[in-house]
Amino acid sequence: MDNLDTQKRNMIEALERSLGIVTTACQAANIARQTHYNWMKSDEAYAKAVREIENRTLDFAESHLHKLIKDGNPAATIFFLKTKGKARGYVERQEIEVAEKKPLSWFTGDESTVS
222 MDNLDTQKRN MIEALERSLG IVTTACQAAN IARQTHYNWM KSDEAYAKAV REIENRTLDF
282 AESHLHKLIK DGNPAATIFF LKTKGKARGY VERQEIEVAE KKPLSWFTGD ESTVS
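The sequence shown begins at 222 in our numbering and counts up one residue at a time.
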């Protein structure tokens, strides 16, 4: 972040304070949202600094999720298992059973089979 100009540095600091919320940070730094996104495309150092904030924000949120799990929060435990435990079978599945044996008219394109 050493080679970022003052305006970009202000935006990075605002992103840190807002936990990565772009609209809030743009208002605090007094820049347009589009300016932020233009910088993300054109300035690799700026984009890297923003990605680092995003990763720290995820770490922060995950630490709170783990605290909720440790405290026995069932919703947090279920959420964690549905997102991180998929490989162990913690997924919700929807099974759809079709009882109709004849082809569906919308599927075959044959309008004459519509009753």
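Ideal placement from N, C-alpha and C gives every residue a C-beta, glycine not left out.
If you're wondering where the values come from, they're calculated on a predicted model, not measured in any experiment.
Counting the other Cβ atoms within 10 Å of the Cβ of Ala-235 gives 16 or more, which makes it buried. A direct Cα-to-Cα measurement between Cys-247 and Ser-263 gives close to 17 Å.
By alpha-carbon distance to Thr-278, the top candidate from Ile-317, Gln-228 and Val-243 is Val-243. Counting along the chain, Asp-280 sits inside the alpha helix (DSSP H) bounded by residues 265-291. Leaving aside the five residues that flank Ala-249 on each side, the residues in its chain whose CB is nearer than 6 Å to its CB run, in chain order, Ala-235.
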